[in-house]
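In what follows, a single structure is set out as structure tokens and then discussed.
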Amino acid sequence: MSDRLSPSIRRAAAEFDAKFAATDDPWRYRSSWYESRKRAITLAALPRSRYGRAFEPGCANGELSAALATRCERLLCVDFAPNAVAIAARRLAEFEHVEVQRMAVPQEWPGGSFDLIVVSEFAYYLKKSQCRRLARQACASLDANHGAIVCCHWRHGAHDCHLDADSVDEAFSQVARANALHLATHAKDADFLLSVWTTHAAGVAERERVDRATG
1 MSDRLSPSIR
11 RAAAEFDAKF
21 AATDDPWRYR
31 SSWYESRKRA
41 ITLAALPRSR
51 YGRAFEPGCA
61 NGELSAALAT
71 RCERLLCVDF
81 APNAVAIAAR
91 RLAEFEHVEV
101 QRMAVPQEWP
111 GGSFDLIVVS
121 EFAYYLKKSQ
131 CRRLARQACA
141 SLDANHGAIV
151 CCHWRHGAHD
161 CHLDADSVDE
171 AFSQVARANA
181 LHLATHAKDA
191 DFLLSVWTTH
201 AAGVAERERV
211 DRATG
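Per the UniProt record's numbering, the very first residue in the sequence shown carries number 1; after that it's consecutive.
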């Protein structure tokens, strides 16, 4: 993580680091049925069965990352809290194709393009301008041929969140539309809001039909 980051980012990283110092699962990602169910729905919403290079900012302890790893050839997971990075690295050690780094997104951003970017339970901690910056960076880094951005957030808010799920979804929607992305999935659960934007307009069944015809 860069030494040039602002004091406010460093304070936030320290606060989250303390949560992971106290427990390796501060939001019960591992033990909660809600979280297990949400992961399954998120994975089911992915338009493709396999992805080449995926990116998950704000990976926390790596529970969603482990599920994503089964669908990706390569996966980059990042978090700005050192303890979260260490916990995620241990959780994902069995996956040789997964890399875990310390990075403060959106102030820092990895190079290259991705065909899958998953923003889950992360963007509502950002201020509105930062959230829009995150959305712009995600769109700019998306593979033009078959890329997808997944955005999934808890709808009930928390004291340390700057935004709610609807505000995050709207920010991503505006930027996605401006970049000619297509809304492939939109699910408003009682507890979470999930949207998937893609670089292609065709749905899963239509792409399968085309693949069979040209295969």
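Every residue gets a Cβ at the ideal spot worked out from N, C-alpha and C, and that includes glycine.
Spatially closest choice to I149 from R37, A138, R132, L92, by CA coordinates | Here the question's residue 149 lines up with position 149 in the sequence shown. With distances taken between CA atoms, I149 lies nearest to A138 out of R37, A138, R132, L92.
What is the residue span of the alpha helix (DSSP H) that A12 lies within?
-> Within the sequence shown, numbered from 1, the residue matching residue 12 stands at position 12. DSSP places A12 inside the alpha helix (DSSP H), whose first and last residues are 7-22.
Might you give, ordered along the chain, the residues of its own chain that have their beta carbon closer than 8 Å to the beta carbon of A66, omitting 5 neighbours on each side?
-> Numbered from its first residue, the sequence shown carries residue 66 at position 66. Once the five neighbours on either side are set aside, the close Cβ partners of A66 are R91, L92, F95.
Of the listed residues V78, D79, Y51, nearest to L68 (C-alpha basis) | By one-based count along the sequence shown, residue 68 stands at place 68. The shortest C-alpha separation from L68 is found at Y51.
Who does F55 pair with in a DSSP beta bridge?
-> Along the sequence shown, read from residue 1 onward, the residue named residue 55 stands at position 55. The partner list for F55 (beta bridge, DSSP) reads L76, I117.
Note down, in chain order, each residue of its chain lying with its Cβ closer than 6 Å to the Cβ of V98, except the 5 sequence neighbours on either side.
-> As a position in the sequence shown, residue 98 is number 98, starting the count at 1. The answer, listed in chain order, is A69, L75, L92.
Through-space distance from R11 to E170, alpha-carbon basis = Here the question's residue 170 lines up with position 170 in the sequence shown. Here the question's residue 11 lines up with position 11 in the sequence shown. If I take the Cα positions, the gap works out to 27 Å.
Who are the Cβ neighbours of Y124 in its own chain at under 6 Å, not counting the five residues just before and after it?
-> Here residue 124 refers to the residue found at position 124 of the sequence shown. Correct list, in chain order: H153, C161, L163, V168.
Between residue 218 and the rest of its own chain, which residues show a CB-CB distance below 7 Å, the 5 nearest in sequence each way excluded?
-> The shown model of the chain, from 1 to 215, leaves out residue 218, and the question about it has no answer.
Of the listed residues E208, R177, F192, nearest to T199 (C-alpha basis) | Taking the first residue of the sequence shown as position 1, residue 199 is located at position 199. The shortest Cα separation from T199 among E208, R177, F192 belongs to R177.
Mapping DSSP to helix, strand and coil, what is L142?
-> Counting from one through the sequence shown, the residue named residue 142 turns up at place 142. DSSP places L142 in strand when its eight states are reduced to three.
Kindly list the residues whose CB is nearer than 7 Å to the CB of L183, restricted to its own chain and excluding five residues on each side of it in sequence; keep chain order.
-> Residue mapping note: residue 183 aligns to position 183 of the sequence shown, counting from 1. Once the five neighbours on either side are set aside, the close Cβ partners of L183 are S195, W197.
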